[in-house]
Amino acid sequence: MRTICLYFQVHQPFRFRRYRFFDIGNDHYYYDDYSNETILQKVADKCYLPANELILEMIQKYQGKFRVAYSMSGIAIEQFKLYAPEVLESFRKLADTGHVEFLSETYSHSLASLKAGGEFERQVKAHRNLMKEHFGKVPKVFRNTELIYSDEIGARVAKMGYKAMLTEGAKHVLGWKSPNYLYCNALNPKLKLLLKNFKLSDDIAFRFSNKGWSEYPLTAEKYVKWLNLVPKKEEVINLFLDYETFGEHQWKETGIFEFLKAFPEMVFRNSPFTFSTPSEVADKLQVVAAANVPNPISWADEERDLTAWLGNEMQQEAFEKLYSLCDKVYSVEDPAIRQDYAYLQVSDHFYYMSTKFFSDGEVHSYFNPFDTPYEAFINYMNILSDFEIRLNAALKTHVDDQVARLSKIIQEKEEQLRRLEKQLAGRKVVRKTVRKPSASENLGRVETGEPGSPKQRKSPAGAGKPKTKKTSTAGKKSPSGKKSSDT
């Protein structure tokens, strides 16, 4: 079996407005609604709707032989519901074909997997429930934010019941090995790993419209020829892409949609490859080895590590401050607090703070709404400071409410106890106690014949028949059998 696994990431963050120092404590609304709505509708028109329509057309044309997979963050789904419900409906139509797989990820597209505790698991559970709600199926394959993965993260994912996970086929992890095989987690071999072929994926995602590239222009026919050059013993080619590649990062005018439309046709006509979903790859292929990943990797930048989000002191300070509030957030029952905390965790906010100007500066600047990473940091920390003020106030209110509730319970119990004591006192019967007569009193009663004296009492055996003491022995037999006589 030789197959292609085509997977797309779908994500849009809630963007923050410019939040100044003097807003802290005074204004608790953090979001740039205009930008969020405008950008989402633009991307929907340029990418999501036309790409979904084309994917659906190809699934129907090839009668299910063409298959793809998506992961959608919970934040993206929330924005679809707010600003572009037709996009969500178009994804449902894809789900209804039975040839599209939707994967699990973190609800907030967050970095929670890098922290111990339950936040990562809470978000995964929330996202899984969201997928079930909108697409009718519980995902079996997991894709972490930005393909972040390590042995420890994989073990946590396996513990949550997933059978496979997607990650980057980083060179410093694989060494001489190829990403075109099925691997498994080093700590729990039950979790299978699909590794991205970053060269073939990035040819589409980043180099497609680069006129300075030696292979420009890239056509579907040329691309399939490259696939055929992959050694025959290598079983799967994982093409993992940002969905916005089609129409947003690579504009329609570049011919990206024509490439996508021609791609499956060229595969079926000119190669032995098929298309498979991640679950199908995990079920059909055999694991060749464990992938040892002691330190986290991702699909970002040349380094394929975490430096895009945690590479400088600003990012690390913001990250640590954010997750130091986690226990407090879940100790209060405040939906607004929890919602804002989910939006604060979106990895994009840390990405905006990156100072990687040289290696991947062009890519970072394309996605960044701020002029500088320092401006992004200050804006984020201002919002986080206000959020902490609200959180502490909610926590104090929560504690005060708990104290008031417990005090009320104590008062009710004390009142109930007083009522019971009062009822008990009303029912109390005063019993008369009889004093036992002394021996001298009993003797006096006998001498006087007083009623109730021992002499007047009846014995149980001879009730009503007083005993008389015989003093004569006449006629009484002795032990020898002779009658006794008076002397």
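For the sequence shown, my numbering begins at 1257 and goes up steadily by one.
For every residue, glycine included, the Cβ atom is placed at its ideal position computed from N, Cα and C.
CB of residue i within 8 Å of CB of residue j, strictly
i	j	result
V1574	M1609	Just to set this straight, residue 1574 is Ala in the shown sequence, not Val. Going by C-beta atoms, A1574 is nearer than 8 Å to M1609.
A1420	A1538	yes
S1327	L1359	yes
A1351	F1391	yes
Y1363	L1296	no
Y1418	F1264	no
H1365	I1331	yes
F1270	V1602	yes
R1274	N1635	yes
C1582	E1377	no
A1476	F1524	no
L1403	S1554	yes
A1564	Y1597	no
I1280	D1642	yes
Y1756	F1272	Only positions 1257 to 1743 of the chain appear in the structure, and residue 1756 is not among them; the question remains open.
Q1506	F1464	yes
L1310	E1342	no
V1429	V1549	yes
K1317	E1504	no
V1544	L1438	yes
E1357	P1534	yes
N1551	S1406	yes
L1640	K1584	no
Bounding residues of the alpha helix (DSSP H) (the contiguous stretch that carries residue i)
i	result
Y1479	A1476 to N1484
A1332	G1330 to Y1339
Q1265	Where Q1265 is concerned, there is no enclosing alpha helix (DSSP H), although the beta strand (DSSP E) it sits in stretches over T1259 to V1266.
V1537	P1534 to K1540
K1388	E1375 to F1391
T1563	T1563 to L1566
K1427	K1427 to L1430
R1594	P1591 to L1600
L1451	Not the alpha helix (DSSP H): L1451 falls in the beta strand (DSSP E), residues K1448 to K1452.
F1519	I1512 to N1526
F1606	D1604 to Y1607
N1575	For the sequence presented, residue 1575 should be read as Phe rather than Asn. E1569 to S1580 is the span of the alpha helix (DSSP H), which, as asked, contains F1575.
V1299	D1289 to V1299
V1413	D1407 to K1415
E1313	L1305 to K1317
Other residues of its chain near residue i: CB distance less than 6 Å, five sequence neighbours each side excluded
i	result
T1611	N1568 and P1629
E1307	Contrary to the premise, residue 1307 reads as Ala rather than Glu in this sequence. Around A1307: F1502.
L1262	V1324 and L1495
A1426	I1553 and R1560
M1314	F1322 and P1520
Q1268	L1296, A1332 and Q1335
Buried/exposed call for residue i, threshold 16 Cβ in 10 Å
i	result
V1394	exposed
H1383	buried
Q1595	exposed
G1320	exposed
A1372	exposed
L1485	exposed
R1399	buried
A1730	Here the model assigns A1730 a pLDDT of 43, short of 50, so the residue's position is not dependable, and the following value carries that caveat. Exposed.
P1487	exposed
M1257	exposed
A1821	Since the first residue shown for the chain is 1257 and the last is 1743, residue 1821 is missing from the structure and cannot be characterised.
N1282	exposed
E1514	exposed
G1410	buried
Q1679	exposed
A1681	exposed
L1647	buried
T1401	buried
Residue range of the unbroken beta strand (DSSP E) whose run includes residue i
i	result
L1438	L1438 to N1441
D1498	V1492 to D1498
E1424	A1420 to E1424
A1545	V1543 to A1547
R1463	No beta strand (DSSP E) holds R1463; DSSP gives it neither H nor E.
E1357	V1356 to F1358
R1399	V1397 to R1399
Sequence-distant residues of its chain with Cβ nearer than 7 Å to residue i (five each side left out)
i	result
M1637	A1574
K1349	L1312
N1436	N1453, V1486, E1490, E1491, V1492 and I1493
M1416	E1377 and V1380
Contact set for residue i: own chain, Cβ-Cβ below 8 Å, skip 5 residues either direction
i	result
P1722	At P1722, the pLDDT of 47 sits below 50, so the modelled position is not reliable; the number obtained from the coordinates is stated separately. Around P1722: no qualifying Cβ.
E1293	L1338 and Y1339
S1736	Here S1736 scores only 42 on pLDDT, less than 50, and its place in the model should not be relied on; the value that follows carries that caveat. Same-chain partners within the cutoff: there are none.
Proximity test, residue i beta-carbon vs the ligand FMN heavy atom, cut-off 7 Å
i	result
V1356	The ligand content of the structure shown is nil, which means the ligand FMN is not present either.
**Study point:** Inter-stretch contact at 8 Å, needing at least 3 Cβ pairs: the segment 1471-1479 / the segment 1435-1450
**Key:** The segment 1471-1479 is not in contact with the segment 1435-1450.
- Query: Taking three-plus beta-carbon pairs below 8 Å as touching, is the segment 1420-1429 in contact with the segment 1449-1466?
  - Reply: Verdict: yes, contact present.
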